Structures are given as structure tokens and as C-alpha cells.
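Below is one structure, written out as C-alpha cells, with a few remarks after it.
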């Protein structure tokens, strides 16, 4: 969420952010509600202040044995108490309504973010590697997986329904190798490895910005205030809720692993072949908590992108980097890059990584702060980016590294995590 004072002082800036992010929130309605809250809060606080004054007056009248004055003051105090009792429920209700509206207010995008309505207006700005070309009839990832007995979708659907899969044999080993490879590389870069809960309470999703808007994408554990996360970002944000960190501890750099779950609501009939769009996946996530400084946020934003690029380059996968437009980046983002890897069978790039910085938008929701060198308490900035998400990364990896004899070459960077194995199916 944004600072309420900022919204009051810069309503046009916030309205424009909502407009370019396709957010339908009515800022004027929010500000009108805010005025009601402020006015009623002032009346209630004024009544409480008068109560305190009356209490002292009653004590003084009692000491002076002025019964008439004491009784008058007590009667006046009862009226104030009745006023507070009558108005506090409305104040609480209006305050909650204002808070719920504040959760829907989008962040202000950076001027460098392209303005656009949807993903069709995202701007590619970097390409790496040559698009894979084959001198033979190449297979898509699903046919390759079937050929080498790497997946069992039919039995997975029997167990868990549509968009489920079972990785078999070398594919299971390959996914574990990818996770270990990503965790190892990021740990060597100074990121603290975490294995975080795949279930989190409501406040973690609110803090990260997944709720209230994204509830339809999240699986709920009924009657337990628990939900299944779609990224370690949710759990890490929740870990630090309501804490005040020491400024000299920042930045905190994490690489978190968790099994992840996503309902994929609204995607019926889309990407149904193979393992591109599934309900359960495993992901390694980069996450940074830093000081409230735009320059530092931008530095780490670029660093997180570089880390992801290095991982993909180590996997020898052609890719491009996208500057995500305002209409596609989501409410909380100040800026966002996507990395898309080349998928030969589709003849196009597909998203494998999303890199974002959010300034204090998440920190305000999670009440996550730090004390700076002058002792002032401020909200932190947060950032995140994918390191590896599987099985999606398996799609370009298997397709790109298939050989004419039908085998699949394992990139050199992964071989130490595969017992030195060089090929699948050879």
C-alpha cells in the first residue's frame, strides 16, 4: 500500500498510476471515506480528552466536598461515554473499510516503465544466445519426455486432477539438480538459503500483495487460516511481519526454496500440453530486503536480473529480457523485468523468470521496518526474482539440448549435480 499522506497530497499521481495499471479503484471515494474517518476520529478523541479532564475535575470536586459540581461532572462524563460508545463501532467500521481500500491502491510505476495496456506492449530490450535450429526433425518437450519415460501425466491426473504431472527417472533427478544448482550458485553469491513453509497465514499473502486481489489463484486449507503459497516470496515477507530491523543488518539477501501451488484460474484450455502450466511446481526465489533508498533498490533490481541471467546462461538457453509495461506488471511493482527463454517447438520466447522491485509497498502491508543510523524508523524496500522454477524451465532445457540421435545433452553446469552424467537417453 501507499502512504495515506502521499495519497492525500498527490491524488492525481495515484489516479494516473491506477489508470496505467488498469486498476479501477476510485481514489476520490477513498479520500471521501478518509475524510469521514478523520472527522469522526477527531470527535471521538476530543470526547476522550474531555473525559480525562472531567475525571480530574471530579477528583478535585470530591476533595473540595463540592457534591453538586461532582454530580454535574459525572453526568457530563456519562454523556461523553455514551457518545464514544455510540460512535466507536462506526469509526472502527469506517477505518476497516479505508484499510481494505488502501490494500487495492497501486504503487507508482517508475518513469522508465513503458506505459501499456497489457503484455502485447511489453518491450524487449536484450537478447542472449542464438535461437536454436536443428538439422533434424526436433521433438517438443512433451514428446521428448514420453520418448525417455520422463513424465506420467495420465496417472498424475488420476491422483490429483488436471494440470498435474509425475516426473520420472532422469527428469526427477534433473529437477533436483536444477534446484541444487540454483541454491548453490546463489549461496556462493552471499544469499542466505532458506527452505520455507509452503503454507502461510492470510497476513503473509496480504503483506506480499497476493491478497486480496489474487485469492482466486490460491488454494485454501479450510478452517485453518492457511493457504498454499505460489512463491517463497509470500513466506519470507510473512517471516518479518511487524519487525523493526537494524539498519546495519541490511540488505538481507535470501534465496528461498518451496513447493508452490497455483489454481491457474481463468486459463481453461490454455497451455494444456505437457508441463508448462501446472498446479504444483518447485521454485527457487531470490528475495532482498534493503534500506528505503531508490538508488539502492534499482541497484539490487539490476543485480537480481543479472543473477537470473547468469543461471540461464549456465544452462546454455537463448533468452530475451522484457521491460514489463504498466498494464501487465501488477499493482505493487515500481518496475518489472521478465526473462523469456526460447522454446524451439513453439518458435517463440516464453516467460521463465519475473524480477520486481516494490519500494515500501509490501513493507507497509507487512509493517516491516528498520531503524536507520539516525534512529529514525522507516519502512524497508523489498525486491524479488525467480532463480529457477521447474518444471517450466525443463521445457526450453529439454528442447534446446536434444540431439539428432534422440538423446538430451545435460549442460555442463548441471553435471556435478547429476553425478557427472552428460546425456539422458544415451
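Numbering (this note's numbering), first residue to last: 2 to 427.
Just so it is clear, CB atoms sit at the ideal spot from N, CA and C, and this is done for glycine as well.
Here the structure is a predicted model, which is why all the values come from computation and not from measurement.
Whole angstroms is fine: what's the gap from residue i's alpha carbon to residue j's?
i, j, result
"residue 302", "residue 81", "54 Å"
"residue 205", "residue 231", "12 Å"
"residue 3", "residue 15", "9 Å"
"residue 184", "residue 104", "33 Å"
"residue 53", "residue 64", "17 Å"
"residue 297", "residue 212", "27 Å"
"residue 70", "residue 84", "21 Å"
"residue 48", "residue 62", "20 Å"
"residue 133", "residue 351", "14 Å"
"residue 349", "residue 319", "11 Å"
"residue 57", "residue 72", "13 Å"
"residue 291", "residue 175", "34 Å"
"residue 383", "residue 295", "11 Å"
"residue 420", "residue 171", "12 Å"
"residue 208", "residue 128", "34 Å"
"residue 359", "residue 5", "17 Å"
"residue 274", "residue 143", "7 Å"
"residue 151", "residue 168", "6 Å"
"residue 110", "residue 79", "51 Å"
"residue 165", "residue 153", "9 Å"
"residue 1", "residue 397", "Residue 1 lies beyond the stretch modelled for the chain, which goes from 2 to 427, so this question has no answer here."
"residue 190", "residue 257", "14 Å"
"residue 45", "residue 74", "18 Å"
"residue 99", "residue 363", "17 Å"
"residue 309", "residue 255", "14 Å"
"residue 162", "residue 30", "43 Å"
"residue 321", "residue 313", "11 Å"
"residue 119", "residue 330", "9 Å"
"residue 379", "residue 260", "32 Å"
"residue 203", "residue 219", "11 Å"
"residue 148", "residue 159", "21 Å"
"residue 1", "residue 114", "Past the edges of the chain, shown from 2 to 427, lies residue 1, and the structure says nothing about it."
DSSP three-state call for residue i: helix, strand or coil?
i, result
"residue 422", "coil"
"residue 80", "helix"
"residue 278", "coil"
"residue 393", "coil"
"residue 295", "helix"
"residue 20", "helix"
"residue 2", "coil"
"residue 369", "coil"
"residue 374", "coil"
"residue 167", "coil"
"residue 39", "helix"
"residue 260", "strand"
"residue 288", "strand"
"residue 379", "strand"
"residue 72", "helix"
"residue 239", "helix"
"residue 273", "coil"
"residue 266", "coil"
"residue 27", "coil"
"residue 66", "coil"
"residue 325", "coil"
"residue 162", "coil"
"residue 13", "helix"
"residue 58", "helix"
"residue 332", "coil"
The ligand FMN and residue i: does the residue's C-beta get closer than 7 Å to at least one heavy atom of that ligand?
i, result
"residue 21", "Looking at this structure, you won't find the ligand FMN or any other ligand, since it has none at all."
Just checking my contact of residue i with residue j at CB under 8 Å: how many whole Å lie between their CB atoms?
i, j, result
"residue 233", "residue 195", "7 Å"
"residue 201", "residue 228", "6 Å"
"residue 124", "residue 283", "About 30 Å; that fails the 8 Å criterion."
"residue 280", "residue 304", "Incorrect: roughly 32 Å between the Cβ atoms, too far for contact."
"residue 180", "residue 391", "7 Å"
"residue 357", "residue 375", "Contact doesn't hold; Cβ gap of about 29 Å is too wide."
"residue 106", "residue 326", "Actually they are not in contact, since the Cβ atoms of residue 106 and residue 326 sit about 20 Å apart, beyond 8 Å."
"residue 108", "residue 18", "7 Å"
"residue 404", "residue 411", "Residue 404 to residue 411, Cβ: 11 Å. No contact."
"residue 34", "residue 9", "Residue 34 to residue 9, Cβ: 12 Å. No contact."
"residue 370", "residue 245", "5 Å"
"residue 339", "residue 210", "In fact, because the Cβ distance is near 17 Å, the residues do not count as touching under 8 Å."
Taking DSSP's pairing of strands, which residues face residue i in a bridge?
i, result
"residue 410", "424"
"residue 342", "320, 351"
"residue 357", "337, 385"
"residue 283", "260, 391"
"residue 428", "Nothing in the structure corresponds to residue 428, since the chain is present only between 2 and 427."
"residue 92", "Residue 92 pairs with nothing; no bridge assigned."
"residue 253", "290"
"residue 247", "372"
*With a floor of 4 residues, list each alpha helix (DSSP H) that falls wholly inside the segment 172-235, ordered by position along the chain.*
203-209
*Counting only runs of 3+ residues fully inside the segment 99-156, write out the beta strand (DSSP E) ranges in chain order.*
124-129
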